[in-house]
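Numbering (the numbering used here), first residue to last: 275 to 684. No residue lacks a Cβ here, since even glycine has one placed at the ideal position from N, Cα and C. Keep in mind it's a predicted model, so treat the numbers as computed, not measured. See below for the structure under consideration.
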Amino acid sequence: MNPTTPASPFRPVSIGPLTLKNRFIKAATNEGMSTQGVPSRQLAQLHGNLAAGGVALTTVAYCAVSRDGRTLPNQLILERASLPHFRALTDAVHREGGLASAQITHGGCFTFIRERSTARPLSASGGFNKIGMMSGMFLKQAMNEADMQQVVRDFAQGARLAREAGFDAVEIHMGHGYLLSQFISPLYNKRRDQYGGSLENRLRFPRRVLRAVLDAVGQELAVICKYSITEGVRAGNSAEDGARIAQMLEQEGAHLLVLSAGMNAESITTMFGSSFPKENRVQQKNPVIALAMAIQRRMDPVVEFRELYLLEHARKVRAAVKMPLAYLGGAKSLASIEQVMAEGFELVAMGRVLIAEPDYVNKLASGASCQSICTACNRCVAMMYTPGGTSCVLGRPGDARLNSEPAGVV
Ligand SMILES: Cc1cc2nc3c(=O)[nH]c(=O)nc-3n(C[C@H](O)[C@H](O)[C@H](O)COP(=O)(O)O)c2cc1C
Ligand code: SF4
Numbered sequence: 275m276n277p278t279t280p281a282s283p284f285r286p287v288s289i290g291p292l293t294l295k296n297r298f299i300k301a302a303t304n305e306g307m308s309t310q311g312v313p314s315r316q317l318a319q320l321h322g323n324l325a326a327g328g329v330a331l332t333t334v335a336y337c338a339v340s341r342d343g344r345t346l347p348n349q350l351i352l353e354r355a356s357l358p359h360f361r362a363l364t365d366a367v368h369r370e371g372g373l374a375s376a377q378i379t380h381g382g383c384f385t386f387i388r389e390r391s392t393a394r395p396l397s398a399s400g401g402f403n404k405i406g407m408m409s410g411m412f413l414k415q416a417m418n419e420a421d422m423q424q425v426v427r428d429f430a431q432g433a434r435l436a437r438e439a440g441f442d443a444v445e446i447h448m449g450h451g452y453l454l455s456q457f458i459s460p461l462y463n464k465r466r467d468q469y470g471g472s473l474e475n476r477l478r479f480p481r482r483v484l485r486a487v488l489d490a491v492g493q494e495l496a497v498i499c500k501y502s503i504t505e506g507v508r509a510g511n512s513a514e515d516g517a518r519i520a521q522m523l524e525q526e527g528a529h530l531l532v533l534s535a536g537m538n539a540e541s542i543t544t545m546f547g548s549s550f551p552k553e554n555r556v557q558q559k560n561p562v563i564a565l566a567m568a569i570q571r572r573m574d575p576v577v578e579f580r581e582l583y584l585l586e587h588a589r590k591v592r593a594a595v596k597m598p599l600a601y602l603g604g605a606k607s608l609a610s611i612e613q614v615m616a617e618g619f620e621l622v623a624m625g626r627v628l629i630a631e632p633d634y635v636n637k638l639a640s641g642a643s644c645q646s647i648c649t650a651c652n653r654c655v656a657m658m659y660t661p662g663g664t665s666c667v668l669g670r671p672g673d674a675r676l677n678s679e680p681a682g683v684v
């Protein structure tokens, strides 16, 4: 692209084998709209509405690639029996002229699920499970070669099932503290073998997963990686590390990177660019866990929201690679979006803005609005656990009945 003529956000763009009608992606935001591991009717409707509202590609958050890979009890699982329900969702998106991406994930030691095939939750390294303080699972297990082979197979199979369900893209979750980011992060990865130590070594396992997914579906689906360019804590990866990670993912053949930041447990405000209301914290009956959460709460800094709060970090990635990048983080006005395009990012991903206004892209295109109504208050995050699922507090809550019915049931 000629740097003097920034792309219009309303022009098509290609990522891997896929052509998007414009530059807008709905970022993955766990909707809390799955019932026993399958999409609810409300989830299908929501993504259909997002497509009708103008986004080119809408991301279905948080699809576990195996039962062991779940973090939360009702989380979506990509398995054969769920395919008719996922298909109802992708049909709803395609009917409205949009494309659908499945975010595929494994939680590793960040899990609240007790039933699993291994004695302890898996992670890059074993020992004390700091993040398990919230779930009472205080120990984790280092993955051996057989575990790694299984997880690689699970990601590849998850991607194949996503293709069968009609998805146009898969987004491998490599950020925020889930399994693949437990390998990338020096906060979690203490291994002494070829999978630990240097950044190159810490990327080795995520790269294996990416390669397997590309081999499985990369000819037909766009294969996207979402990761934390900075972890937002002193001992974690910095944006300079984030730029080197991008180079490695580019080398491995990823079609697009979605540039997030922060870790769920250690630096949630880095991810969101604004503080959380205190009442958002889940009440904990176990006193040890409640204490751990209180300590974490005290450590959370007060952060004032500013638009494009991750741009400084993302620029380092932009300078390091040639591949398509999606800017993410606080893009909430036409001016911001145009700035992102002018700085050479091919796409813009948006989370909260599209929770608040699923038709925001159409409003921008028609000139009906330039500035989103979203205040970055983060109250939608706690809504995830309500019967109606994630919704913006400025609008109506979700429909609990629609949210309890599987999408594929007519
Ligand atoms: C309610 C909610 C749930 C989220 N769940 C996920 C998720 O499941 N997977 C993910 O990668 N990011 C998740 N995120 C983070 C968003 O993708 C995004 O990084 C964040 O909202 C910042 O972008 P924004 O400023 O455009 O909202 C979630 C965000 C919100 C608000
Ligand atoms: S609750 Fe609504 S206004 Fe607040 S951050 Fe979420 S989407 Fe934005």
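- Unbroken beta strand (DSSP E) stretches of 3 residues or longer found wholly inside the stretch 567-650: 599-602, 621-624, given in chain order.
- Under the three-state reduction of DSSP output, His450 falls in the strand class.
- Around the Cβ of Leu292, a 10 Å sphere holds 16 or more other Cβ atoms; the residue is buried.
- Within the stretch 415-495, the alpha helix (DSSP H) runs of at least 4 residues that lie entirely inside it are, in chain order, 419-438, 453-458, 473-491.
- With fewer than 16 other Cβ atoms from the protein chains shown falling within 10 Å of its own Cβ, Ser472 counts as exposed.
- The distance from the Cβ of Leu413 to that of Ala376 is about 31 Å, inconsistent with a contact at the 8 Å cut-off.
- Within the same chain, Cβ atoms closer than 8 Å to the Cβ of Glu612 are found at Pro280, Pro283, the five residues on either side in sequence being excluded.
- Cβ-Cβ separation between Gly328 and Ala496: approximately 19 Å, too far for a contact (criterion under 8 Å).
- Pairwise C-beta distances place the stretch 501-515 in contact with the stretch 588-595, as three or more of them are shorter than 8 Å.
- In the same chain as Met522, and ignoring 5 residues on each side of it, the C-beta atoms closer than 6 Å to its own belong to Leu477, in chain order.
- Of the heavy atoms belonging to ligand 2, at least one sits nearer than 7 Å to the Cβ of Cys651.
- In the structure shown, Gly401 adopts extended strand secondary structure according to DSSP, grouped into three states.
- Three or more Cβ pairs drawn from the stretch 389-406 and the stretch 414-433 lie within less than 8 Å of each other, which places the two stretches in contact.
- The Cβ atoms of Ser356 and Gly311 sit closer than 8 Å to each other.
- With contacts defined by Cβ atoms closer than 8 Å, Asn348 and His450 do not form a contacting pair.
- Assignment of Ala528 by DSSP, reduced to helix, strand and coil, places it in the coil class.
- Per DSSP, the unbroken alpha helix (DSSP H) holding Leu324 starts and ends at 315-326.
- In this structure Ala623 touches Leu602 by the C-beta definition: roughly 4 Å separates them, less than 8 Å.
- The three-state secondary structure of Thr385, taken from DSSP, is coil.
- The continuous stretches of beta strand (DSSP E) do not include Ala535, and DSSP gives it neither H nor E.
- Sixteen is the threshold: since fewer than 16 other Cβ atoms of the shown chains lie within 10 Å of the Cβ of Asn418, the residue is exposed.
- Counting only residues of its own chain and dropping the five nearest sequence neighbours on each side, Lys295 has a CB closer than 6 Å to the CB of Pro286, Ala330.
- Listed as beta-bridge partners of Phe298 by DSSP are Val622.
- A direct Cα-to-Cα measurement between Ser607 and Ser340 gives close to 38 Å.
- Taking C-beta atoms as the reference points, Ala535 and Ile503 count as a pair closer than 8 Å.
- Straight across, the Cα-Cα distance linking Gly604 with Val487 is about 30 Å.
- Secondary structure at Ile378: strand, using DSSP grouped into helix, strand and coil.
- Beta-bridge partners assigned by DSSP to Leu676: none are found.
- Here Cys644 is exposed, its C-beta having fewer than 16 other C-beta atoms within 10 Å.
- Taking one beta carbon from each stretch, the stretch 422-434 and the stretch 359-373 have fewer than 3 pairs nearer than 8 Å; the two do not touch.
- A straight-line Cα-Cα distance of about 9 Å links Leu531 and Glu445.
- In terms of CA proximity to Leu676, Ser308 leads the group Thr303, Ser308, Lys300, Ser288.
- Look at Ser288 here: in three-state DSSP terms it is strand.
- Excluding its 5 nearest sequence neighbours in each direction, Gln468 has C-beta neighbours in its own chain below 7 Å: Asn475, Arg478, listed in chain order.
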